[in-house]
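Working notes, beginning with the structure itself.
Residue numbers (the working numbering): 1 to 302.
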């Protein structure tokens, strides 16, 4: 489906953990159909995918993420002994730096904005300059899961706390279309989504195994039952419910030209081993969305 003359795009990539791998499929579909992405605004996983795309390294990232296994996910989670969160996130960022290379936002080929939250000031922070990976790390600092990221003396957490699908940064863009990808769309089924616990030897939240490794390595006198890991899973599900509600409100208040909806139950937050499935889902949902848009325009002309 080739684009019309309205082919320059401001792309808004929402938050939603591993479901955000669907952003890759959306980007592929837009490029295949002649759309020119001139601006990317991302929140959490959207900031990661959007930043890697803006840096021109999406193919390298896609090749890597399609090869990730459940075990790889666990090894990327560097346990934090601080009170601010379970994971530091250094391993994830260093892995991305090795794939992409150090980048400054102002040097990217297209406009890029990452959204984070100043938790103390209770406000959104738009990061549009400086280190690309600092912006990513601040934007994906999911409360309880990742430790906050100190940026210019301010503790920042995940941008989705206040704005999971950030449309406002695109208002000054001189593009033809604003396209938003919402990762908290209507459920695709009533069936229970698969989880990390479905695999033998992998717990629902992989920190139980991770802690056990650290205990053995560090010979700490701590048992794996010292924290209630079930409570963290409940907290994550509650956080996603909050995100989805805020996203619907934001999209209603600031409607983009096109919204591509990825079902909120497509996969769980940490199921990055389902990359191929999510990428293909994003491609398919983009195609379905644009088919509907064309039909709607045709009906409006009658």
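Note that CB positions come from ideal geometry on N, CA and C, so glycine has one too.
Remember, it's a predicted structure, so these values are computed and weren't measured experimentally.
* **residue 243 and residue 15 closer than 8 angstroms at C-beta** => In this structure, residue 15 lies closer than 8 angstroms to residue 243 by Cβ.
* Counting Cβ pairs, one atom from each stretch, are 3 or more of them under 8 angstroms apart for the stretch 78-85 and the stretch 105-112? -> No, because fewer than three Cβ pairs between the stretch 78-85 and the stretch 105-112 fall closer than 8 angstroms, the two stretches do not touch.
* To do: For the beta strand (DSSP E) containing residue 113, list its first residue and its last residue.
  => Its beta strand (DSSP E) spans residues 111-118.
* Proximity of residue 155 and residue 123 at Cβ, strictly below 8 angstroms -> Not in contact: residue 155 and residue 123 (Cβ atoms no closer than 8 angstroms).
* To do: Can you grab the Cα-Cα spacing for the pair residue 274 / residue 267, in whole Å?
  => If you take the alpha carbons of residue 274 and residue 267, they lie about 8 angstroms apart.
* To do: Report the three-state DSSP secondary structure of residue 269 (helix, strand or coil).
  => DSSP places residue 269 in coil when its eight states are reduced to three.
* To do: Name the one or two DSSP bridge partners that residue 79 has.
  => In DSSP, residue 79 forms a bridge with 87.
* Beta-carbon proximity check, residue 179 vs residue 257, cutoff 8 angstroms -> Yes, they are a contact pair.
* Give the DSSP-derived three-state secondary structure of residue 36 in the structure shown. => Looking at residue 36 - three-state DSSP - the assignment turns out to be strand.
* To do: Please report how far the alpha carbon of residue 141 lies from the alpha carbon of residue 250, in whole angstroms.
  => In a straight line, the C-alpha of residue 141 is about 21 angstroms away from that of residue 250.
* Ordered list of alpha helix (DSSP H) runs contained in the stretch 5-79, each at least 4 residues -> Counting only runs of 4 or more, we get 22-32, 45-54, 58-66 and 70-76.
* Closest Cα partner of residue 147 within the set 170, 101, 81 and 165 -> When each option's Cα is compared against that of residue 147, the closest is 81.
* **Cβ shell of residue 136 (< 8 angstroms), same chain only, five flanking positions each side left out** => The answer, listed in chain order, is 47, 48, 51, 93, 96 and 114.
* Asked: In three-state terms, what does DSSP make of residue 131?
  -> If DSSP states are grouped into helix, strand and coil, residue 131 belongs with the strands.
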